[in-house]
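*Asks:*
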Amino acid sequence: MGRAPATVAAMSASLRLKAARSPIHGRGLFAVDAVPRRMKLGELGGVLRRLAEARAAMRGRRRIHLVELDRRWGLDCTRGNLFRHLNHSCAANCYLRVVARRVEIYSRGAIPAGAELTVDYRATPHPGGMACRCGAPRCRGRL
Ligand SMILES: [Zn+2]
């Protein structure tokens with residue numbers, strides 16, 4: 210049950226992002242510059258862990274920093290890069306793509322400068338049960 214090596218925390222070199230207070234939850238991730246549509250923003254940094262071990266570590270935390278990659282592995286991004294601040298929105302402007310146990314982040318449409326970047330946690334396996342405060346008109350209320 211050894212720990213796998215940390216994944217590379219790659220970010221797009223030209224894109225400026227910042228973590229700041231979010232109206233959705235805690236700190237969020239914001240685009241400093243406008244982001245074009247369908248752009249790869251970077252990869253979520255973190256440590257590959259056995260899923261059972263990672264879930265146990267997240268229990269009771271106010272914020273879950275875990276992306277479940279498959280049935281055995283999760284990416285624990287507690288100490289990952291800036292992308293760990295990505296909040297959930299039911300009308301997300303970004304999405305995650307899991308490729309060979311790495312988590313890539315892409316924009317959906319064009320995103321204006323200053324906007325908070327969000328992903329739909331429901332699109333990736335996620336332990337549910339938290340109230341959603343994303344404010345989207347079609348918010349599902351829970352995530
Ligand atoms: Zn919502």
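Going by the numbering used here, the sequence shown opens with residue 210, and the numbers climb by one from there. Heads up, the beta-carbon is just placed ideally off N, CA and C, and yes, glycines get one too.
1. Leaving out the 5 sequence neighbours to the left and right, which residues in its chain are closer than 8 Å to residue 347 when beta-carbon positions are compared?
2. Return the residue from the list 289, 322 and 269 that minimises the CA-CA distance to residue 251.
3. Please confirm whether residue 267 and residue 316 have their CB atoms less than 8 Å apart.
4. Between the Cα of residue 243 and the Cα atoms of 226, 233 and 253, which residue gives the shortest distance?
5. Does the Cβ-Cβ distance between residue 303 and residue 284 come in under 8 Å?
6. Less than 7 Å between C-beta atoms, sequence neighbours within five positions excluded: which residues of the same chain meet that for residue 306?
7. Assign residue 297 to one of three DSSP states: helix, strand, or coil.
8. What do you get for residue 319, buried or exposed, if any count of 16 or more other CB atoms within 10 angstroms of its CB means buried?
9. So, with DSSP's three-state summary, where would you put residue 311?
*Replies:* Checking against the coordinates, here is how it stands:
1. 299 and 300
2. 289
3. no
4. 226
5. no
6. 313 and 315
7. strand
8. exposed
9. strand
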